[in-house]
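The numbering used here applies: residue 1 is where the sequence shown begins, and numbers increase by one. No residue lacks a Cβ here, since even glycine has one placed at the ideal position from N, Cα and C. Inspection log for the structure reproduced underneath, given as structure tokens.
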Amino acid sequence: MLESARVARVQKRGDDPRKILFDLMRHHGSLGDGGVVGDGRVVVRRVLSIRRAVNRIFRPDFSDFFVALRPFHVAIIRSLRDAQLQKKAEQECVHTSTPIRDDWPGYPLDLFTYPKHYSGDLECVYIPHGVIMDRIERLARNIMDDLGDHDIVVLCVLKGGYQFCADLVERIKVLCCNSSKTLPMRVDFIRLKSYLNDQSTEVLHIEGAENLSALSGKNVLIVEAIVDTGKTMKTLLDHVKAFRPKMIKVASLLVKRVPSGTGYLPDYVGFEIANRFVVGYALDYNEYFRDLHHLCVISDSAKQKFKV
Ligand code: HPA
Ligand code: MG
């Protein structure tokens, strides 16, 4: 919005740079970029849009001034974004959860480590492993708050869901030891397959569905890695409902914004992501990349290389 606007504001020595930026923000609904000149005065050079400011913050070449102000900037961006998201959620009555915007470029690969055998196969680190783990910790708490003191059957959707399920169960186990509530869990597995290359096929294979009669009368928590169109999850839900569980909840680490989506939203969502094909953290492309720690965007050349 104000990307091209240039303002030169020279503030007196001793002015609090955070106040200058805050005033700018209030004025323009945006963020300032600046530096400290030789005599100690603060110069605000430019007004940046929120998006450009975010990009600058995550780029390694930002100025000292930016480094110094980083926590403050991040806080402003968060509060603005949270307010926007909350407003959107109120208007649309949708359940939003940690949406990652379409223009999120991901982190450069050289900021992180990943297996050598995938060099050249990835475009960026979309969600680092540590962030995934932190989010799972919170999901575990939400699940504990809602379902605590009930028995549940965790139904892990293989193969992609194995890592998310293992980490989620682990965090719930820790909470059971450290809170007044408890959540006895059984864990069962089901295998779904509907993807070839990066395309969803019409045919959904469900394996391990024969013995779901144990779900009858139980509280079931389906744990899935990713929901995109929502069609697979709807089919699975219909299938599980036929076994007459007492309650069904769904936790998905990712929900992808796809144009052909059914609008289905799980009860617990880790991250809402853009319509990009992501791999790692047990998500595959034709069985490759499950052995990658972070969630990454696959490169076009790797799509060709591992195509079947
Ligand atoms: N990655 C891996 N598996 C998937 C995806 C994805 O982005 N979407 C649906 N299944
Ligand atoms: Mg797959």
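When secondary structure is reduced to three states using DSSP, Gly-130 falls in the helix class.
At a threshold of 7 Å, Gly-280 does not count as near ligand 2, since its beta carbon sits no closer than that to any of the ligand's heavy atoms.
Ligand 2 approaches Asp-284 closely enough that one of its heavy atoms is under 7 Å from the residue's Cβ. The C-alpha of Arg-135 lies about 6 Å from the C-alpha of Gly-270. Across the set Glu-272, Ala-274, Asp-291, the C-alpha of Asp-291 shows the shortest separation from the C-alpha of Gly-280.
Per the C-alpha coordinates, the member of Phe-306, Arg-276, Ala-282 positioned closest to Tyr-126 is Arg-276. Taking 8 Å as the upper bound for CB-CB distance, Arg-257 and Ala-274 are in contact here, some 6 Å apart. Of the residues assessed, Ala-302 falls on the buried side of the cut-off, its CB having 16 or more other CB atoms within 10 angstroms. Around the Cβ of Ala-282, a 10 Å sphere holds 16 or more other Cβ atoms; the residue is buried.
For Tyr-162, the uninterrupted alpha helix (DSSP H) segment begins and ends at 162-178. Checking the DSSP bridge columns, you'll see His-205 partnered with Lys-193. Taking 7 Å as the cut-off, one finds no heavy atom of ligand 2 near enough to the beta carbon of Gly-161. Here the alpha carbon of Val-131 sits roughly 21 Å from the alpha carbon of Cys-156. By the Cβ test, the stretch 138-151 is not in contact with the stretch 233-241, since fewer than three Cβ pairs between them sit closer than 8 Å. Nearest in C-alpha terms to Asp-110, of all of Gly-160, Cys-296, Val-250, is Cys-296. Residue side-chain check: Tyr-195 places its Cβ nearer than 7 Å to a non-hydrogen atom of ligand 2. Note that the stretch 203-210 does not touch the stretch 220-230; fewer than 3 beta-carbon pairs, one per stretch, sit closer than 8 Å. With contact defined as three or more Cβ pairs closer than 8 Å, the stretch 106-122 and the stretch 178-195 are not in contact. Take Leu-253, set aside five residues on each side of it, and the residues of its chain with a beta-carbon closer than 6 Å to its own are Phe-164, Ala-225, Gly-270, in chain order. Contact check for Pro-184 against Asp-238 fails: the beta carbons are separated by 8 Å or more.
By the criterion of a C-beta distance shorter than 6 Å, Asp-267 is surrounded in its chain by Lys-249, Val-250, once the five residues flanking it on both sides are discounted. Taking C-beta atoms as the reference points, Ser-216 and Pro-245 count as a pair closer than 8 Å. The beta carbon of Gly-161 sits closer than 6 Å to those of Val-223, Glu-224, Ala-225, all from its chain and outside the five residues before and after it, given in chain order. In this structure, Ile-132 has its beta carbon at no less than 7 Å from each heavy atom of ligand 1.
Contact annotation: Lys-307 and Asn-197 have beta-carbon atoms nearer than 8 Å. Between the alpha carbons of Val-220 and Leu-147 lies a distance of about 10 Å. For Asn-219, the three-state secondary structure derived from DSSP is strand. In the three-state reduction of the DSSP assignment, Leu-147 falls in the helix class, which pools H, G and I.
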